[in-house]
Structure formats: C-alpha cells, structure tokens
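Data block below; observations after.
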Amino acid sequence: MAVKVVIPTPLRQYTGKKDSVEIDARTVGEALAGLTSQFGDLRKHLFNEEGNLRSFVNVYVNDEDIRFLQKSQTPVNENDVISIVPSIAGGFSIRCICT
Amino acid sequence: MATLTIEPTPQLSNDEILRYSRHLIMPEVAMEGQLKLKQAKVLCIGAGGLGTPLALYLAAAGVGTLGIVDFDVVDFTNLQRQVIHDTDDVGRPKLESARDTIHDINPNVEVIPYETHLTSENALDIIKDYDIVADGTDNFPTRYLVNDACVLLGKPNVYGSIFRFEGQASVFYAQKGPCYRCLYPEAPPPGLVPSCAEGGVLGVLPGIVGSIQALETIKLILGKGKPLIGRLLLFDALNLKFRELKLRKNPECPVCGPHPTVTELIDYEQFCGIRGEEYFPDTKVPEITAKELKQMMDEKKPFVLVDVREPHEYQICRIDGAKLIPLGDLPKRMHELNSADNLVVHCRMGARSARAVEFLMKSGFKKIHNLKGGVLAWAHDVDPSMPRY
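First to last, the sequence lines map onto chains A and B.
This note's numbering puts the first sequence at residues 6 to 104.
This note's numbering puts the second sequence at residues 3 to 391.
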C-alpha cells in the first residue's frame, strides 16, 4: 500500500530533486527503509550510526509526530502522508554532509 | 487564547488616533488593543531577513517599545531581502539603519538598540524587561539560547526560520505548550553544518515568515485569535503550500519538562558542537594562496585547477582554465583527475574545496593543494574585476 513521503527542501538534492516519493509500506520504519534503499545518499542524513533517527530530524504521519505515536512502528495506511521535517537555520542546515 | 497581561496606558494622542484608525475601527483591536500595543515591549533578535518585516510591521502597528539585538553591519548581499536597510546604509551598523527606518515609519516607537551578540551572560538581563521575544536568528546556538532564556523567564518566543524556499514558524511558550527543545532536542552536530551549507534564500521568503511572526506577536499582545502555540507551520514557497503539524510538549524536555536538567543558561556553542578547530576542517589540508596560484600561472608551471562549486556558481564567475567538478559529483568523477598531476582545488571560500582535497588525499592524491579563501580571495588579491557573491 503506497504512502506519500514529503521530502523537505534541504534533502531534495538526495532524492533527484523530488519533493515527494510514493513508497509501499505498512509502518513508518518500512517507509523510511524503502526510501533510503531507493535513495542511498539520504540514509546518513536521516539516521545516525546506530540506525536511529537523528535528533534534529522529526518525522510526522499526517500532522502527528511519530515520537508521540509508536515511533518507527507507527502504522501507515493508504493516503497517509509522512513528512520529514529537519531543523533549519538560515545559512546552516543539514544539507551538506558531502563526503 | 493568549494571556499576556499588558495594562492599557491612559490614552492616545489625536495624531495617534488618526494613524491607527484602521486598527481602532476593528472590534478585535479597538482602543483597548491599540493601547496594549503601545504599552507592549517586544525584543527582536536580529535585524536581518526575518527581523526586517518584524520590526517594520510591529513599528507600524504601534508597538510602543522595540528592542533590537544585532551587532552586524549592512552589506550589499543583505539588500536582496533586508528591506529595512537601504543601499545608502551599506557599511552602517544594522541597528542604526533599522532605527532610522523605524522612526521614518513611526516616530512614536521607542527603539532600544543592543549592539552585541546575545550570549549566555547577557541574555537573561536583556530579555527580562520584555513581554515577548521574536527570534529572527540564523544560527542554532543563538536559537537554543533564546529558547532556554525564554523558558527560564516565562516569556513567549515567536519563532521563524528559513532555508532557500522553505520556512517554519511557531510560538514557543513553555507555560502554554512546547518549546523549541521539545521539537528538536539537539542541534545538528558540527560535521553536519559545514560552512559550505550556505544554501541561499529567496528574498521574499523571510518577508513572508517574518510577517507571520509579526502577526503572531501582535495577536499575543492583543490576546485575540488562536496563537501558533503547539503548532508548527511549514511553508513551501516553491509549491506555495502551507502545512501545519502538531507540536507536543516533550515530557522529557531538559528545559521545560517536569524534571529539567537545564536550569540556567549553558554554553550554546559547545552544546551545538561549534568549538575551535572542529569548525574549521580545512586547517589540515595543504594550502596555496591566490597570489601563489597566480605566480604558478605566470611561470607556466603545469597544474590542473579544479573548481568544486556548483554549476550556477561557475556561471557567476570562474578562474580561467578551471575544470568544474561539483563537490557532490567528485566521487563518481574522480577518474577524470590524474594523481600524477599537480592539482589545485578551489570553491568560493575554501571550505568545500578543503573537503574535496581531504577526500582526494584519502584516495591517493598527493600533489594537491587547496586554494585558501577560494574565488573570493582570488577576486580580492589577484583579479579585482571578478564579481564577488
């Protein structure tokens, strides 16, 4: 079942400039795994070495933060929208983890 | 409903009544609200992109006291979005320029300038006298500092942030809802915020986000409407979409949670990982100055010049003979370079090219140098006719 993942501006350079991607998934974790297997460069921007979401990147299902749902186990249904929302600050952002 | 208790002042002059007449005839503002605005004290952190519409609209609306914290000087690259400053203001302190523009718009506003960095030492002292803080900062250490200071003092913090085509806005008011740390417990670590991340910003964007901050500030003062507390507004200018996400108070929040571990202001540069050498990853790679590069060219020494900027930057200006390989393409285009050649790598200021040099050295390139200061140094020291950006 396909859910839409909305990609924020700073990370679109790692998704071939796409602002959203459709992924088949039953949970948020599956959706993010699918997303990062499709766009490998995205992985290190979303997850730390332990495989946990970075603390300056939040993920929402529709308008709810998954930290207050079931985190990566949060179920998703058809037509749900997953949003990746990183912290942004003027000239500084997470866009540049170049090498 | 917001619940600031700002006592009305006695009255408005006839000139003020005329000036604010379009407010006074609205029941949501009326005389009572206009007097609250006149009595209100708002502190704007920064007189830049977000600070511009904040200061302009708050002043025009009749906010009585505007504090502004900024230590910067107006430069030409500010004018594309910071419309509180004029071309003639280039070189002047932003505070002076902003104060003059504010007084041109509304001489009734008292402007209190703070020509300083906001620091852990001065933040509480500066903020304590204000009713509301409007945060227009462009960096993480100051943002966490403003957040924590507002939580500790019980002040609402009207937040805005921008990047390229995207903006965020919210009202962090720990007494009523979440704070910035509830949203993002930590800042991106230093390795993830290199100086090459100067992403640019569409000039209109801070105008929109800063105007939303001004609106929320005025609503808080008036105590009208539904404030942006517990909600994060996302604005995508490119697709012209506004979205709203729910923000919840984090029960484990280190500053506004029930068991806070941050009970006084800390070292925010350290918290955000910005300290000393870590911030300058380019200090370790071999460097060459612009003048030395020019000398190599004049002496016709054989070398290959590699430009690791983006194609749109290459279009603005370039050093003759440079081969363009954007940093992100370097791993897959490394085969175009020969490790037997002398290589000089450059970008705009030297940080991205330092990473490129570091990467190429790890891949076995030994005869390689980073152009110190990038094309900006070249324009400054060798070719003054080159445009700077």
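Think of the CB as a built atom: it goes at the ideal place given N, C-alpha and C, for glycine as much as any other residue.
Treat the numbers as computed from the prediction; the structure is a model and nothing was measured.
Can you tell me which of the three DSSP states residue i falls into?
| i | result |
| --- | --- |
| Val-195 of chain B | Caution is warranted here: a pLDDT of 42 is assigned to Val-195 of chain B, below 50, making its placement in the model unreliable, and no coordinate value can be reported. |
| Ile-290 of chain B | strand |
| Pro-91 of chain A | strand |
| Gly-96 of chain A | Below a pLDDT of 50, predicted positions are generally treated as unreliable, and Gly-96 of chain A, at 49, falls in that range; the measurement from the model is reported next regardless. Coil. |
| His-348 of chain B | strand |
| Leu-68 of chain B | strand |
| Tyr-146 of chain B | helix |
| His-371 of chain B | strand |
| Ala-342 of chain B | coil |
| Ile-327 of chain B | coil |
| Asn-125 of chain B | The sequence given here has Ala at residue 125 of chain B, not Asn. In the structure shown, Ala-125 of chain B sits in a helix (DSSP, three-state: H, G or I). |
| Ile-71 of chain A | helix |
| Asp-17 of chain B | helix |
| Phe-361 of chain B | helix |
| Thr-54 of chain B | helix |
| Asp-24 of chain A | coil |
| Ala-176 of chain B | coil |
| Asp-29 of chain A | strand |
| Ala-353 of chain B | helix |
| Phe-52 of chain A | strand |
| Tyr-270 of chain B | helix |
| Gln-82 of chain B | coil |
| Asp-300 of chain B | helix |
| Asp-322 of chain B | coil |
| Pro-15 of chain A | helix |
| Asp-74 of chain B | coil |
| Leu-45 of chain B | strand |
| His-137 of chain B | Correcting the residue type first, residue 137 of chain B is Asp in the shown sequence and not His. Note: Asp-137 of chain B maps to strand in three-state DSSP. |
| Val-153 of chain B | helix |
| Leu-58 of chain A | strand |
Which residue wins for smallest C-alpha separation from residue i, given the options the options?
| i | options | result |
| --- | --- | --- |
| Val-287 of chain B | B:Ala-358, B:Arg-311, B:Phe-244, B:Phe-73 | B:Ala-358 |
| Ala-30 of chain A | A:Ile-93, A:Pro-91, A:Thr-79, A:Arg-72 | A:Thr-79 |
| Val-148 of chain B | B:Gly-212, B:Thr-103, B:Val-71 | B:Val-71 |
| Pro-253 of chain B | A:Val-81, A:Gly-21, A:Phe-73 | A:Phe-73 |
| Gly-66 of chain B | B:Tyr-22, B:Arg-320, B:Val-75 | B:Tyr-22 |
| Gly-51 of chain B | B:Arg-94, B:Glu-123, B:Val-206, B:Gly-93 | B:Val-206 |
| Pro-333 of chain B | B:Leu-307, B:Leu-362, B:His-314, B:Val-308 | B:Leu-362 |
| Asp-17 of chain B | B:Cys-274, B:Phe-237, B:Pro-109, B:Val-173 | B:Pro-109 |
| Phe-305 of chain B | B:Gln-177, B:Thr-79, B:Val-347 | B:Val-347 |
| Lys-395 of chain B | B:Glu-294, B:Leu-60, B:Arg-354, B:Lys-374 | Limits of chain B in this structure are 3 at one end and 391 at the other, which puts residue 395 of chain B out of reach. |
| Gly-179 of chain B | B:Asp-91, B:Lys-248, B:Leu-204, B:Pro-143 | B:Lys-248 |
| Gln-366 of chain B | B:His-382, B:His-337, B:Lys-374, B:Trp-380 | This sequence places Gly at residue 366 of chain B; Gln is not what is there. If we check each option's Cα against that of Gly-366 of chain B, B:His-337 comes out closest. |
| Thr-265 of chain B | B:Ile-164, B:Leu-56, B:Ala-353, B:Val-153 | B:Val-153 |
| Cys-255 of chain B | B:Cys-181, B:His-314, B:Ile-318, B:Leu-235 | B:Cys-181 |
| Arg-350 of chain B | B:Leu-240, B:Val-377, B:Asp-140, B:Glu-30 | B:Val-377 |
| Gly-138 of chain B | B:Thr-118, B:Gly-225, B:Leu-56 | B:Leu-56 |
In the DSSP assignment, find the alpha helix (DSSP H) that holds residue i and state where it starts and stops.
| i | result |
| --- | --- |
| Ile-214 of chain B | 206–224 |
| Pro-115 of chain B | First-last for Pro-115 of chain B: 112–116, but that is the beta strand (DSSP E), not the alpha helix (DSSP H). |
| Glu-30 of chain B | Segment: none, Glu-30 of chain B is in no alpha helix (DSSP H) and carries neither H nor E. |
| Tyr-65 of chain A | Not the alpha helix (DSSP H): Tyr-65 of chain A falls in the beta strand (DSSP E), residues 62–66. |
| Arg-335 of chain B | 332–335 |
| Lys-102 of chain B | The identity of residue 102 of chain B in the sequence shown is Asp, whereas the question assumes Lys. From DSSP, the alpha helix (DSSP H) with Asp-102 of chain B extends over 96–107. |
| Ala-379 of chain B | 376–383 |
| Val-33 of chain A | 33–43 |
| Pro-313 of chain B | 313–316 |
Does residue i get closer than 8 Å to chain C when you measure Cβ to Cβ?
| i | result |
| --- | --- |
| Phe-73 of chain A | Considering every chain present, this structure includes no chain C. Its protein chains are A and B. |
Kindly give me the distance between the Cβ atoms of residue i and residue j, rounded to whole angstroms, as I take these residues to be in contact under 8 Å.
| i | j | result |
| --- | --- | --- |
| Ala-292 of chain B | Val-384 of chain B | 5 Å |
| Tyr-175 of chain B | Ile-231 of chain B | 5 Å |
| Lys-364 of chain B | Leu-345 of chain B | Actually they do not touch by this definition, with Cβ atoms about 14 Å apart. |
| Ala-36 of chain A | Glu-83 of chain A | In fact, because the Cβ distance is near 12 Å, the residues do not count as touching under 8 Å. |
| Tyr-132 of chain B | Gly-212 of chain B | That pair is no contact at about 18 Å. |
| Cys-274 of chain B | Ala-189 of chain B | 4 Å |
| Ile-93 of chain A | Pro-15 of chain A | 7 Å |
| Ile-223 of chain B | Ala-42 of chain B | 5 Å |
| Val-75 of chain B | Lys-96 of chain B | 7 Å |
| Tyr-316 of chain B | Asp-309 of chain B | 6 Å |
| Ile-128 of chain B | Lys-157 of chain B | Wrong, their Cβ atoms sit about 11 Å apart, outside the cutoff. |
| Leu-47 of chain A | Ile-28 of chain A | Not quite, the Cβ-Cβ distance comes to about 12 Å (not below 8 Å), so this is no contact. |
Starting from residue i and walking both ways along the beta strand (DSSP E), at which residues does that stretch end?
| i | result |
| --- | --- |
| Tyr-161 of chain B | 159–165 |
| Glu-188 of chain B | First-last for Glu-188 of chain B: undefined, no H or E at that position. |
| Phe-393 of chain B | Because chain B spans 3 through 391 in this model, residue 393 of chain B falls outside it and cannot be assessed. |
| Val-10 of chain A | 7–11 |
| Phe-237 of chain B | 233–238 |
| Asp-309 of chain B | 306–309 |
Members of the region 239–262 of chain B near chain A, C-beta cut-off 7 Å: Asn-241, Glu-246, Leu-247, Lys-248, Arg-250
Members of the region 139–165 of chain B near chain A, C-beta cut-off 7 Å: Asp-140, Asn-141, Phe-142, Arg-145, Ser-163, Ile-164, Phe-165
Near-chain A residues of the region 72–94 of chain B (beta-carbon distance less than 7 Å), N- to C-terminal order: none
Near-chain B residues of the region 28–58 of chain A - C-beta to any C-beta below 7 Å: none
Residues in the region 176–188 of chain B having any Cβ partner in chain A nearer than 8 Å: Leu-185, Tyr-186, Pro-187, Glu-188
Residues within the region 361–375 of chain B neighbouring chain A, beta-carbon criterion of under 8 Å: The region 361–375 of chain B vs chain A, Cβ under 8 Å: Phe-361.
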